[in-house]
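Q:
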Amino acid sequence: MHKSLDIIAAIPIFNGLPEDQMAAIKKIAITKRFNKGEVIFSEGDAGNGFFVIAQGRVKIFKVSAEGKEHILHIYGYGQPFGEVPVFAGQKFPANAQALEKTIAIFLPRSDIVDLVAANPSLALNMLAVMSQKLRQFSIQIENLSLKEIPARLASYLIFLAEEQAADDVVKLNISKGQLASILGTIPETLSRIFAKLSGQNLIRVDGKKITLLNREGLEDLAEYGKEIE
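So the sequence shown is numbered by my numbering: it starts at 327 and just counts up by one.
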């Protein structure tokens with residue numbers, strides 16, 4: 327297992343910071359452990375700090391008035407979550423739950439805000455990370471509101487290839503049920519779309535491994551939403 331505090335130096339928010347600033351961040355960091363299924367924070371809780379995952383995975387999700395869960399993000403090793411409401415001085419707008427046994431580094435709001443105010447380089451790093459998340463949110467909103475499910479799936483597979491720096495093979499590190507929630511559909515519909523994309527030789531599915539057989543075709547589907555015959 328990774329030493330929980332060593333992960334701080336590797337995440338984008340803290341890239342390039344001098345040793346004295348890294349030491350100050352490590353000084354305020356608190357290691358927290360969560361069991362599988364344990365709630366880390368709930369929608370409406372005060373944004374009193376944010377987290378960085380040292381081990382495990384966390385899902386960020388909303389629950390509708392009818393009780394239906396919609397997953398917004400799933401984060402893993404080295405990824406921060408819950409930082410936007412912390413710096414805005416607001417409440418958490420969604421729920422966070424451990425998908426497996428998880429170790430997270432907690433950075434209290436009062437301490438990290440003081441550090442950001444005193445260190446412009448840290449503030450710039452935070453802005454860069456938040457801008458990237460904003461872009462991901464805008465893409466997700468566009469997919470859910472403007473694209474049919476096949477185009478959403480194609481977009482997600484291309485996103486995975488970019489995130490994993492993979493040319494033609496990606497690993498689906500979440501369940502198909504969780505992916506269906508992210509894409510705003512149900513598992514049965516998602517399975518049919520996977521079968522159709524496979525039948526058109528756009529992808530090949532082998533368990534958690536998905537081979538992108540026709541990257542250009544997937545990009546056309548993601549961009550233009552061409553119907554699958």
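Glycine included, every Cβ here is placed at the ideal spot set by N, Cα and C.
Remember, predicted model here, so these are calculated numbers, not experimental data.
Below 8 Å between beta carbons: does that hold for P411 and G375?
A: Taking 8 Å as the Cβ cut-off, P411 and G375 do not qualify as a contacting pair.
Q: Less than 7 Å between C-beta atoms, sequence neighbours within five positions excluded: which residues of the same chain meet that for V531?
A: F520 and S524
Q: Entirely within the region 358-419 and at least 4 residues each: give me those alpha helix (DSSP H) ranges in chain order.
A: 409-414
Q: Does the distance from the C-beta atom of I397 to that of S507 stay below 8 Å?
A: yes
Q: Should L453 go down as buried or exposed, given a rule of 16 or more other Cβ atoms within 10 Å for buried?
A: exposed
Q: Looking at the structure shown, is I429 part of a helix, part of a strand, or coil, going by DSSP?
A: I429: strand per DSSP, three-state reduction.
Q: Mapping the DSSP letters down to three states, classify A422 as helix, strand or coil.
A: In this structure, A422 counts as strand in the three-state DSSP scheme.
Q: Determine the direct distance from the alpha carbon of L441 to that of A350, and round the result to whole angstroms.
A: 8 Å
Q: Rounded to whole angstroms, what is the Cα-Cα separation between E409 and L479?
A: 28 Å
Q: Does DSSP classify P513 as helix, strand or coil?
A: helix
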